Every structure is written in C-alpha cells, then in structure tokens.
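In the numbering used here, the protein residues as written are 24 to 924. Inspection log for the structure reproduced underneath, given as structure tokens.
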C-alpha cells in the first residue's frame with residue numbers, strides 16, 4: 024500500500040475519537056482538547072463505553088452506534104482493545120485510523136503473534152490505513168486538524184515535518200511555535216506498522232500546500248518503497264532529512280574489509296544522495312535548509328563570493344567555507360578592476376571583498392552589482408555588521424531591490440541583535456535567506472551546493488555508449504547456487520575466477536596446490552617469479568598470519584615461504600584448517616595504484632558497493648566512498664570522485680593516468696554482480712591494481728549467505744530488468760524491444776528531434792521543437808519499480824541503433840492505475856508496431872497485477888483512438904473538448920514476483 028486512503032487520514036471530513044474522556048490528564052482528554060481547539064469544522068463523534076456524555080458533548084458506546092461513518096478515527100484506548108476496534112472500524116467503512124495507544128508489541132491473547140500483527144490483520148480486509156501505533160498523532164493546520172496529544176497547536180505554513188520520535192515531535196512543535204515556523208503537516212509516525220516514510224513522502228510529494236518536506240529519521244523498514252518515494256518527492260520539492268545514529272557504534276562488524284568500512288550511516292548517506300535528498304546534522308539546520316532551498320535561486324556552480332563591511336567577518340566566512348570543502352570564487356582581473364573602480368583604495372583587493380567599515384549604501388550597491396555580474400561568481404554572501412555611519416535598516420532597504428532581482432543565489436548575514444532585526448525582517452519578507460552568523464550563512468550555502476549536486480545526479484544523462492558487456496547471469500547464478508548447496512561460506516579461488524570471468528572483470532589466473540610439492544609444480548608451470556598465498560576457510564585476511572609471499576623467484580624460495588606459512592598458521596591459528604596454497608604468476612606493475620572494490624549487504628538497503636584506497640592498511644585510509652547498485656557510468660564516476668582518488672588516478676608527474684573506462688566498467692560490473700546474485704553476502708577485491716594498462720583484480724574473496732550468516736536483502740533500487748529484452752519482427756525487420764536505460768538519453772533526444780511537428784503535438788498535446796534536458800533525463804532514468812518504458816530499436820550495432828517507437832507507463836504507488844503514452848517514428852507508422860508496443864505494455868502490466876490502464880489522446884489523433892479501441896480500451900470524451908479519455912480494466916491478479924522483483 025502507499026497513498027491509498029491517506030486523504031482520509033490527513034484531510035478528513037469527519038473524525039471519531041475512540042476512548043474520549045474528560046478525566047483530567049488522561050490521553051483521551053488531551054486528544055479531545057486538541058481536536059476541539061484545533062478548529063476542525065467537520066463532525067466530531069466521541070466514543071466512550073461508560074458515559075453518554077463527555078466534556079459536555081454526546082458520546083456513543085461503541086463504533087457500531089456512531090450515527091455515520093467517520094473518515095478518520097483516533098484510538099486512545101488500551102493496547103489489548105485495538106485489534107477489535109480496528110476490525111469494527113473496518114466493518115463500519117472508516118478508511119483511516121490514528122492509533123495513539125502504545126504497547127502493541129506485546130503478545131496477542133491467542134499467542135499467535137503480537138497485538139500489532141493482530142491489528143494489521145484486522146485492517147487488511149477493509150484496506151484500512153493506520154498511522155502509528157505509539158505515536159503523537161497528526162496535525163494539519165489548514166483544515167484545523169489536531170489529532171494528537173501534543174502540548175499545543177501548529178501554525179499554518181508550507182513546511183511538512185515527519186518524525187519517528189514522539190518526544191522530539193512535542194519539543195519541535197514548541198520550538199517552531201516560538202520562532203513563528205508554520206506547517207502544512209506535522210506527522211508522528213510512531214512504530215510505522217502500516218503508514219511509513221514511503222507512504223507519507225508519496226502523499227506529500229503531490230500536495231500543493233507543501234513547499235518542502237522535513238524528515239527526522241531513526242530507521243527505515245521498506246527500503247525499496249522508501250527509495251522510490253524519496254526519488255519521486257525530491258524531483259518535486261526539497262526533501263531534507265536529519266538521521267539519528269551517525270556515530271561509529273552504528274557500524275556493522277563484518278568478515279570483509281568492505282563490510283567493516285561500509286557502516287550503516289554511510290549507507291544512509293549514499294541512499295539519501297541517490298534519492299536527491301539533502302542530509303543535515305541538526306534540527307536547526309533542518310529548518311535553515313528548508314528556508315534556504317525554498318527561496319534561493321537555482322545553483323549553477325559552487326564558487327562563492329563574499330561581500331562584507333568587516334574584514335573579520337569575511338575571514339570567518341572564508342575559513343568556514345574552506346574547512347567544510349567549499350569553494351571561494353577566484354575573482355578575475357576584470358572583476359578586480361571593476362571593484363577597484365568603485366571601492367576605496369583600502370578595500371581588500373580580493374575575495375572576501377571588504378568594502379571597509381565606513382561604507383555608505385552606494386558602496387554596497389556598487390560592489391554587489393560587480394559580483395552579481397561576474398561570470399566566475401556563482402553565488403554571493405552579503406554580510407553586514409552594524410556601524411554608526413549608516414543604519415542596517417537603510418542598507419537593507421536600499422539593497423533589497425538589487426538582491427531580489429539577482430539571477431544567482433544571494434544569502435545575507437546580519438550580525439547583531441536588535442539593531443539589525445528590522446533588516447532581517449525585511450529580507451525574510453522578500454524571501455531572501457538571512458542568517459545571524461557567518462558560519463550559519465556558509466553552512467546554508469554548502470547545503471544549497473550539496474542539494475544541487477544531488478539534484479544534478481537525478482537529472483544527469485550518461486553518455487551514450489556501445490552495448491555494455493552482458494554477463495551470463497544464469498551461469499553465475501548456477502555457480503553460486505551450487506556452492507551454497509554444498510554448504511560453502513567462501514567460494515574457492517577457482518569459483519571466484521570463474522565468476523570474475525563471467526562478469527568481464529580482469530583477473531590474474533592462479534592455480535591451487537594442496538601441498539608444498541604441488542605448489543612448486545604449479546610455479547614451474549606458471550613460471551617464476553610467483554606469489555604464494557595460504558588457503559584456509561578460517562583465515563580471511565591472509566596477511567594477518569603472514570599468509571602472503573610475493574616475488575618468489577626459485578623453488579627454494581617458494582619452499583621456504585610455504586613452510587614458514589604453515590608454521591605460523593599452526594602457531595597463530597591452531598584451529599584453522601589449511602587446505603593448501605594458491606600460486607599466482609607474479610604481476611610486475613610497479614606504478615599501479617592499489618584500490619579496493621567491494622560489496623557488503625546492508626540489513627536495510629541490501630547490496631552496497633564500496634570503492635577506495637586498498638592495500639594492507641585499507642581500514643586506516645579515509646579515501647573510500649559507497650554507493651547503492653546498480654550503477655551507470657555517471658554514477659560510477661561520481662563514486663570515484665567522492666572517494667577522493669579521482670585526481671590521483673588522473674595521473675601526476677611520472678605516473679600516467681588510469682584509463683577511466685576500464686575502471687568505470689569494473690565498478691559497473693561489480694555492481695551488476697551484486698544485483699544478479701542475491702546469495703552473495705560480501706566481496707572484496709583488494710588490491711585492484713590500476714595503472715596505464717587498465718585494472719587487474721589480484722586478491723578476491725567472496726562470501727555467501729547461509730544458515731547463521733544472514734539472509735539476502737533485495738537491492739533498494741530495482742535493477743535494470745534484463746529479462747524483458749527480446750526481438751520482434753515488424754514488416755520483415757527484426758527490432759530489439761527492451762526497457763529504456765539512462766544511457767538512452769541521446770537516443771531519445773534524436774527520436775524526438777526527428778519526429779514531425781504534427782507527431783510531437785499529438786504526443787505532448789502542444790507544439791514543441793525540442794524536449795528539455797531535464798525531461799529527457801526524467802524519461803530515461805526511470806524507477807523500474809513504478810514505471811516502465813519499452814523502446815523498439817532498429818537493427819545494427821549498438822551505436823547505430825535508432826528508436827523506432829516508445830511506450831511509457833507510470834503506475835500509481837498502489838499499483839492500481841497506470842497511465843500510458845505511445846509514440847511511433849514516422850517511418851514505422853502503419854506497420855503494426857504501435858499495436859505490438861501496446862500489447863507489450865499491457866502484458867507487462869497484467870503480470871505485475873495492475874488493475875487498470877488510462878490515457879488521453881487528442882481528438883484529431885484518429886490512429887491512436889482506433890488502436891485503443893482495437894486493444895479493448897473505452898474511448899470517451901475527455902476533460903476538454905479536444906481530448907479523448909482512454910480506459911481499460913485489466914482485472915489481473917497480481918503476480919507477487921513481478922512488481923517487486
């Protein structure tokens with residue numbers, strides 16, 4: 024479930040309070056007081072089984088006795104009564120319930136589960152939605168709804184606040200009231216037994232009264248639903264999150280380097296970034312970011328210029344920017360000359376631009392005009408400290424018209440209290456972000472920059488590349504399944520090599536030896552020098568016991584090294600079972616970088632990919648980054664950038680650059696491996712050698728899930744559904760039909776560019792010459808869990824293939840209704856391709872259990888209307904005279920493996 028019946032939860036026409044009371048201090052009396060004082064205008068019915076009147080209002084003994092069906096019920100009764108009440112409300116026809124009651128984690132009376140499980144079972148037949156249990160409730164000031172026991176009401180506003188913490192909710196409400204901050208919604212999720220973050224984000228994403236969504240989070244249950252909802256919401260409005268539990272205690276211990284490095288908090292960071300959300304550290308920063316993002320101009324770069332009337336203020340701001348990874352704009356000679364022409368000779372002659380403490384209004388205006396016009400400046404921080412020369416109020420009034428019309432982001436900092444209060448108020452009324460210290464202003468700029476980066480990732484079109492290497496997924500899955508059935512925890516070296524070869528990951532061939540003599544024989548076959556490694560299921564990190572010897576150039580050296588390994592293992596790990604040795608031809612690449620690429624399984628988000636600096640001291644390095652698979656080339660490049668290794672790998676002095684394509688391909692293939700093999704628990708490639716020759720996986724360990732070793736967790740982002748690819752014959756030509764990929768952005772752009780003006784109008788209902796970049800990105804970077812686009816490609820190699828048709832469908836979060844659009848290239852019209860694509864999409868929707876398909880077409884699009892009728896659609900007059908509405912009831916039963924696979 025997702026947004027179904029949430030309108031009844033947050034915008035009810037009537038409310039019933041179950042457990043209403045007038046006993047002072049009781050939960051029922053507190054909620055009743057808030058419901059009355061909130062100003063709700065609809066009917067409010069009170070249920071109390073003992074009293075016919077509560078707080079001067081009539082009361083009913085039970086749900087069945089209520090005079091009408093309430094849209095929303097609020098339950099404040101003891102935990103053991105809740106399942107029965109939910110069942111009664113469902114039979115009555117109520118669509119949403121807020122369960123404020125706590126204690127539903129305790130066992131149910133029949134001992135078959137918990138009270139919470141019994142509550143959900145009772146709600147299921149009627150599709151009743153439940154907020155809570157164990158929550159503060161919900162406030163929606165615009166409709167006068169205060170269905171909570173919060174100590175007060177919320178003021179109307181355009182910020183939605185969603186929290187898992189009840190204690191935090193009450194404190195935050197009081198804090199916001201004191202600062203005049205209003206809300207469109209104030210929602211306490213409690214235990215999130217039914218309605219969770221994904222549901223609420225989906226609902227608020229399309230709520231016109233909500234300008235930004237603020238989230239306080241402690242945990243996530245349904246990761247894939249959360250990611251889909253968060254990505255959709257972030258495309259519409261800022262979503263800003265504070266996540267509790269940043270400390271090292273939250274990191275999960277694991278057997279591999281990757282598992283140890285990819286702790287839980289950095290995985291949440293990766294998830295928020297991938298969803299286009301902004302993470303901040305404090306609740307104060309949460310509201311700062313909301314105001315900043317809601318009012319600031321679009322961020323087109325990261326270079327900040329600082330204009331101030333106090334040199335110390337400028338230094339503090341510049342320091343804060345530098346210490347937090349920001350970029351101070353380097354002013355060009357032309358900009359410096361323009362500033363020198365309008366400022367006194369004592370100005371700072373650099374950035375920060377100190378216009379000196381005695382600056383009159385005109386000096387502010389002149390300096391601002393130069394910086395706002397400078398192409399090397401992407402944003403301006405305007406700072407003012409009070410002086411006796413001119414009032415802050417006059418400065419604000421004089422600068423406001425210029426600042427309000429600026430084409431780039433401008434942030435203001437008014438240092439002081441009462442003297443600058445009027446200036447701050449003027450800025451706020453004009454929608455200009457204002458801060459009371461240089462550090463907060465710089466933090467706000469960095470929030471803008473980070474949010475812009477995350478949004479850019481949502482809109483980035485990867486370069487069109489030839490057909491990617493497609494691994495034999497079935498072969499890989501069979502290899503892993505066979506190992507799991509044999510009870511293996513770690514794959515053997517031979518199995519690892521086979522798996523890497525299947526995925527096209529370059530590796531050095533090695534041979535397995537059971538004895539020292541076998542190792543000598545292997546070395547002679549491979550040729551000296553060789554590397555020797557101990558093999559034992561109990562010894563994962565071989566270097567810990569001296570289990571790796573490099574550069575062995577003779578039989579004698581090899582025998583000495585092998586014997587030494589056996590002796591050390593016997594002394595240091597007497598319980599370890601030594602199965603022999605791995606012998607590998609020595610790789611001589613002295614200028615290669617040692618990297619690590621790995622996979623670990625996060626209990627919430629599933630497979631996580633790690634990249635960074637490798638080697639024996641890998642845990643000591645800070646140069647690592649994680650990402651959620653799957654990856655395309657753009658996401659893989661971003662992972663390298665965030666690791667801090669991009670400049671190093673680009674080459675320096677005598678060290679040549681690492682070919683980027685080779686590294687990115689390996690990252691993408693490892694990510695694909697993680698998506699394809701759910702039994703894979705952990706993988707370490709350490710080191711992955713990288714130099715001018717490319718990359719080479721030297722030491723690789725792969726661990727599987729199994730009894731006592733954790734269970735597979737599905738990827739948080741549904742990977743590309745390769746299984747839907749196939750070939751069809753149209754008019755004697757074989758076309759490749761497959762789901763769209765992010766790399767198809769250029770191909771899609773060409774498809775629209777070559778369409779006739781008439782075809783474009785029929786497709787988009789308006790005349791347009793081209794489709795904007797942001798739209799192309801949105802159309803090609805789809806969420807396969809909720810939407811699907813099939814494209815038909817003409818014959819030829821990957822680079823030459825052109826689109827002959829596309830059909831696009833978007834499902835609602837509940838998978839009830841899907842809306843489609845279809846376009847066929849002019850040269851392929853009239854050949855049956857349109858019907859084939861429509862049938863393709865309908866078959867897909869039936870498989871995933873979608874109930875109905877809808878669409879619209881212009882009345883003059885007679886071909887589409889005929890095609891729709893032939894496919895069984897009802898074609899009827901639409902919302903406007905020139906539009907037909909198309910509707911088809913599928914009535915299919917859901918295939919549980921289709922929608923969420």
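Note that CB positions come from ideal geometry on N, CA and C, so glycine has one too. Please read all numbers here as calculations on a predicted model, not as lab measurements.
Whole-angstrom C-beta distance between residue j and residue i, which should lie under 8 Å
i, j, result
"residue 822", "residue 848", "Contact doesn't hold; Cβ gap of about 18 Å is too wide."
"residue 427", "residue 455", "7 Å"
"residue 227", "residue 219", "Wrong, their Cβ atoms sit about 13 Å apart, outside the cutoff."
"residue 439", "residue 388", "In fact, because the Cβ distance is near 21 Å, the residues do not count as touching under 8 Å."
"residue 635", "residue 618", "7 Å"
"residue 652", "residue 698", "5 Å"
"residue 472", "residue 325", "5 Å"
"residue 431", "residue 320", "6 Å"
"residue 729", "residue 507", "6 Å"
"residue 687", "residue 660", "6 Å"
"residue 401", "residue 331", "At roughly 18 Å, the Cβ-Cβ gap does not stay under 8 Å, so residue 401 and residue 331 are not in contact."
"residue 528", "residue 689", "6 Å"
"residue 813", "residue 746", "So it is not a contact: roughly 13 Å between Cβ atoms."
"residue 607", "residue 531", "6 Å"
"residue 738", "residue 629", "5 Å"
Identified DSSP bridge partners for residue i
i, result
"residue 76", "81"
"residue 525", "Residue 525 pairs with nothing; no bridge assigned."
"residue 406", "331, 436"
"residue 473", "Beta-bridge pairing links residue 473 to no other residue."
"residue 881", "906"
"residue 169", "162"
"residue 206", "182"
"residue 810", "833"
"residue 266", "240"
"residue 68", "39"
"residue 846", "829"
"residue 899", "908"
"residue 377", "331"
"residue 50", "Partner(s): none; residue 50 has no beta bridge."
"residue 350", "326"
Local Cβ density within 10 Å of residue i, reported as buried at 16 or more and exposed below that
i, result
"residue 477", "buried"
"residue 642", "exposed"
"residue 251", "buried"
"residue 102", "buried"
"residue 923", "Because the pLDDT of residue 923 is 37, which lies under 50, any placement of that residue in the model is unreliable, and the number read from its coordinates should be weighed accordingly. Residue 923 should be labelled exposed."
"residue 207", "buried"
"residue 695", "buried"
"residue 493", "exposed"
"residue 565", "buried"
"residue 795", "exposed"
"residue 925", "Nothing can be reported for residue 925, as the shown portion of the chain is limited to 24 through 924."
"residue 315", "buried"
"residue 670", "exposed"
"residue 957", "With the chain covering only 24 through 924, there is no way to say anything about residue 957."
"residue 28", "buried"
Is the stretch 374 to 393 touching the stretch 409 to 427 in the sense that three or more CB pairs, one from each, lie closer than 8 Å? yes
Within 8 Å, do at least three Cβ pairs link the stretch 511 to 527 to the stretch 718 to 732? Three or more Cβ pairs closer than 8 Å define a contact, and the stretch 718 to 732 meets that threshold against the stretch 511 to 527.
Runs of alpha helix (DSSP H) lying entirely within the stretch 680 to 734, each at least 4 residues, in chain order: Runs found: 683 to 699.
Does the stretch 332 to 347 come close enough to the stretch 290 to 304 that 3 or more CB-CB pairs lie under 8 Å? Not touching, per the Cβ criterion.
Below 8 Å, can you find three or more Cβ-Cβ pairs linking the stretch 327 to 336 to the stretch 246 to 261? no
Whole runs of the beta strand (DSSP E) within the stretch 604 to 633, excluding any shorter than 3 residues: 616 to 625
Whole runs of the alpha helix (DSSP H) within the stretch 490 to 561, excluding any shorter than 4 residues: 496 to 508, 516 to 525, 539 to 549
Between the stretch 623 to 632 and the stretch 583 to 590, do at least 3 Cβ pairs fall closer than 8 Å? no
Pairing CB atoms from the stretch 61 to 76 with CB atoms from the stretch 135 to 154, are three or more of them under 8 Å? no
Is there contact between the stretch 77 to 89 and the stretch 39 to 48, where contact requires at least three CB pairs shorter than 8 Å? At 8 Å Cβ cutoff, the stretches touch.
Would you check if the stretch 388 to 402 and the stretch 352 to 363 touch, i.e. whether three or more CB-CB distances between them fall below 8 Å? yes
The stretch 107 to 118 contacting the stretch 165 to 175, beta-carbon criterion three pairs below 8 Å: Counting Cβ pairs under 8 Å, fewer than three are found: no touch.
When the Cβ atoms of the stretch 530 to 541 are set against those of the stretch 598 to 617, are three or more pairs found closer than 8 Å? A contact between stretches requires three or more CB pairs, one per stretch, nearer than 8 Å, and the stretch 530 to 541 meets this requirement with the stretch 598 to 617.
Can at least three beta-carbon pairs, one atom from the stretch 791 to 807 and one from the stretch 756 to 774, be found at a separation below 8 Å? Yes, since at least three Cβ pairs between the stretch 791 to 807 and the stretch 756 to 774 fall closer than 8 Å, the two stretches touch.
Write down every uninterrupted run of the beta strand (DSSP E) in the stretch 79 to 159 whose length is 3 residues or greater and which is fully enclosed by it, in chain order. 80 to 83, 95 to 98, 119 to 122, 152 to 154
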